[in-house]
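Letter by letter, the sequence shown follows residues -22 to -1, 1 to 307 of mature numbering (1 follows the signal peptide of the UniProt record, and there is no 0).
For each residue, glycine too, the CB sits at the ideal point set by N, CA and C.
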Amino acid sequence: MRITRPLLMLMHLLHAGKPCTAVHTRLLYQDITNSNGNGEIHFRGVRLHVESPETSVSAVQGSNATLPCHYRYEPELSVPRRTRVKWFWQPVVGEGTEKDVIVALGSRLRSYGDFKGRVRIRRSVQGDASLVINPLLIADKGRYRCEIIDGLEDDSVTVELKFQGRLLPSAESWKEGLDWCNAGWLADGTVQYAVSVPREACGGMDLAPGVRSYGTQHKTRARFDVFCFTSSIRGEVYFLQHPLKLNFTEAVDACVQDGAQIAKVGQLYAAWKLVGLDQCDAGWLSDGSIRYPIVQPRLNCGPPEPGVRTFGYLPKYLKYGVYCHKPKW
């Protein structure tokens, strides 16, 4: 039977007495080449199923995540078919336009945008189309749709990627020693800052330690810093072992000579909270403050609770140690 595929499809629709409109079908077709080299289409009652055992995956920024996606046929096929796997990303909030993440056809792969070089299809077993992201960036949070296309058939499943983390400042963080005198935005639109050591420049000496709030501010006209959160730390924060105590300028230079940079306040807090940095030695940080992290409270290392201790902002000619940060990519 020497009828081309388009003509055969047209005849099928006309024979059914239906207009030639686009129809989503869940019936697959199989190409069979006869001895004369003519391709024929045979419709079969085979269905494609795309599934995920999890509707959401939680991970930490800077680590990796695997978003599960598996496809199968019912009934099972004896010979694997050639399929196209494509992943899309969409923000959780609103109905933003889907963005391409990666497409795979056989051994050929192509990733897009900020996902380039960070994504792959796992393919651990037949039918595995799971998406692996490494490393995770904060902007990766959202809904991911796994689409499988096989000839005339397609199906998809959606998995949400969530981040584990904690927004700062909070009452709990302040109790742990967070002290930051610059007011900053939080996700709820309020502007706040946390003070452990009362001082004139931070609301005055008469106010007790705590989390100060400017309340809700205009989100486009008002100008403030911003408090961010992290659930991982990329690199190493450490107390520099140096034979001498250093003033602030010397501390900055000492970190550079060690192949690092003087650590920021947030980096020290992340190292203390996430990797358990415990050092009973006060050291300079990049903002000019002097602090040290304590995980296991002990004699001569401050209060009986864990936290990041602070000496506040002392004259920069005074001599202390220094905390450095060495990035690792």
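- Here Asp118 is buried. Its C-beta has 16 or more other C-beta atoms within 10 Å.
- Contact fails between the segment 72 to 90 and the segment 134 to 142, because fewer than three Cβ pairs, one in each stretch, are under 8 Å apart.
- C-alpha of Ile211 to C-alpha of Trp250: approximately 10 Å in a straight line.
- Ranked by how close their Cα comes to the Cα of Leu263, the residues Asn278, Gly95, Lys242 have Lys242 in first place.
- Between Phe217 and Tyr301, the CB-CB gap stays under 8 Å.
- Here Lys197 has Gly167 as same chain residues with Cβ atoms under 7 Å from its own Cβ, once five neighbours each way along the sequence are excluded.
- Cβ-Cβ separation between Val79 and Gly120: approximately 10 Å, too far for a contact (criterion under 8 Å).
- Just so you know, the alpha carbons of Ser56 and Gly23 end up roughly 15 Å apart.
- Counting the other Cβ atoms within 10 Å of the Cβ of Val204 gives fewer than 16, which makes it exposed.
- The criterion of a C-beta distance shorter than 8 Å is not satisfied by Leu115 and Ala43.
- Put simply, the segment 266 to 273 does not touch the segment 184 to 198. Fewer than three CB pairs are less than 8 Å apart.
- Boundaries of the alpha helix (DSSP H) harbouring Val234: 226 to 235, taken from the DSSP string.
- Distance from the Cα of Val230 is smallest, within the candidate group Val38, Lys304, Ile272, for Lys304.
- Within a 10 Å sphere around the beta-carbon of Tyr295 sit fewer than 16 other beta-carbons, which makes this residue exposed.
- With contacts defined by Cβ atoms closer than 8 Å, Gly105 and Tyr192 do not form a contacting pair.
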